[in-house]
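Okay, structure first, notes after.
Residue numbers (the numbering used here): 138 to 286.
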């Protein structure tokens, strides 16, 4: 009887260690279509029970809340981080303000975005006046900073 109790104790301890060691995963509670913003209402956290689960997947709701999906997410399936991106602040075809800072001098011009970009992303912009295409980084909605190397 004592041996049975000891074995049972070790089984419970092993289960607790495995459950804590594997962690958590975020899964959709409903179908989330491509382009939708993730909210807490559509997500839930589950304990990971599959020890073969590898890769970069969402572990906490707070880490993915507010991100946008690249493809449709199905209920109760893990969310790979590659399926998510930050919301775009500049969309292709948007009119943007191009800013160049060099020392005390600041030059500003009007341009058109040639691609979508989130804050901090590299983006190509066409100057409306000259037609020259320049590259920079998205600062905020409608503003691109050009950096001279």
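Backbone N, C-alpha and C define an ideal beta-carbon position, used for all residues, glycine too.
Nearest to residue 245 by alpha-carbon distance, out of 282, 217, 253, 226, is 282. Non-local beta-carbon contacts of residue 230 in its own chain, meaning distances under 7 Å to residues more than five positions away in sequence, involve 249, 250 in chain order. Comparing alpha carbon positions, the residue from 222, 160, 278 closest to residue 187 is 160. Put simply, the backbone Cα of residue 275 is about 21 Å away from that of residue 220. Residue pairing by DSSP puts residue 259 in a beta bridge opposite 274.
The segment 231-240 makes no contact with the segment 202-218; the number of CB pairs closer than 8 Å stays below 3.
For residue 270, the number of other beta carbons within 10 angstroms of its own is below 16, and it is reported as exposed. For residue 184, the enclosing beta strand (DSSP E) begins and ends at 180-184.
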